[in-house]
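Read the structure below first, then the notes.
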Amino acid sequence: MHKLLNFQNEKLLRQALTHRSYVNENPGEAHNERLEFLGDAILNFLSGEYLYQHYSEMEEDEMTRRRSALVDEKQLAKFATEVGLDFRMRLGQGAIREGGFQNPNLLSSTFEAVIGAYYLDNNQNVDVLRPLVEELFDSVPQDIVVSRSNIDSKNRFQEWAQANFGAIPTYINERVGGMDHAPKFASKVYVGNELYGEGQGRGKKEAEKQAAEDALFQLKRRGLF
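Take the sequence shown: its position 33, counted from the start at 1, is 41 in the working numbering, and no numbers get skipped.
As structure tokens, this is what we get:
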């Protein structure tokens, strides 16, 4: 898996490792947020493909739950540490003082950014990434994946929305505070034009999870779940 860091374009790798908190203290540098967005999309695709190919009898709803478990914040942070990204992250001094090198949100975001950067560094060829990412997926004990998949609130709410409306929930996120290295977000989840839940968290993913949990709570109160 160390091959992941064999970049032809070292500038691209440097950007992938650079958090916004570092850029705020070092104007002229480029942060990794767009690369993070790209990497997130690639990991979602590869994890879905991985489950489709390895579990031919698995139903769609279970594959959806397990995919979320493979690429959740905690698991991606572990991957980041395993491939040695933790102390290679370029963080601002404030983030470092707050324990940024061990922050799961920063670690998972950096891992996604490096995946996105590696994809670009290899002429947008996902085939180069596939064996590297599958090696990591193979390393995750299946009992952990099953345990996490069973409690994923976003997937449970999505299943309810699809079963009742044939629609996928939409999450609207807004930054509401926090430091650059630990931003706080608020999230609202809608099905169609109807608001179902709200939540806050350190990072968009955590905020969305809390919004989904709130939506499930509201449904249970109304006897709809």
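Where a beta carbon is used, it is the ideal one built from N, C-alpha and C, also for glycine.
Checklist entry - Is it a yes or a no for the segment 107-126 touching the segment 177-185, going by three-plus beta-carbon pairs under 8 Å? => result Between the segment 107-126 and the segment 177-185, the count of Cβ pairs shorter than 8 Å is below three; the stretches do not touch.
Checklist entry - What is the DSSP secondary structure of arginine 42, reduced to helix, strand or coil? => result helix
Next on the checklist: Out of Ala220, Gly205, Tyr204 and Asp160, which one is the CA nearest neighbour of alanine 77?
Outcome noted: Asp160
Checklist entry - Bridge partners of valine 197, per DSSP? => result Under DSSP, valine 197 shares a beta bridge with Tyr179 and Gly205.
Next on the checklist: Would the segment 191-204 count as touching the segment 171-183 if we require 3 or more Cβ pairs under 8 Å?
Outcome noted: yes
Item to check | Reduced DSSP category for lysine 217 - H, G, I as helix; E, B as strand; rest coil | outcome: helix
Checklist entry - In its own chain, which residues sit with a C-beta less than 6 Å from the C-beta of asparagine 201, not counting the 5 before and 5 after it? => result none
Checklist entry - Taking Cβ positions only, does alanine 24 come closer than 8 Å to chain D? => result Here chain D cannot be found, since the structure has a single protein chain.
Next on the checklist: Please report the distance separating the alpha-carbon of glutamine 132 from that of asparagine 40.
Outcome noted: 17 Å
Item to check | Anticipated Cβ contact below 8 Å, alanine 125 with glutamine 23, distance rounded | outcome: 7 Å
Checklist entry - Can you tell me whether DSSP reads glycine 186 as helix, strand or coil? => result strand
Checklist entry - So, are the CB atoms of glutamate 120 and glutamate 44 less than 8 Å apart? => result The criterion of a C-beta distance shorter than 8 Å is satisfied by glutamate 120 and glutamate 44.
Checklist entry - What residues match up with threonine 118 in a beta bridge as DSSP calls it? => result Answer is none; threonine 118 lacks a bridge partner.
Checklist entry - What's the gap between the Cα of leucine 84 and the Cα of glycine 47? => result Using only the alpha carbons, I get a separation of about 11 Å.
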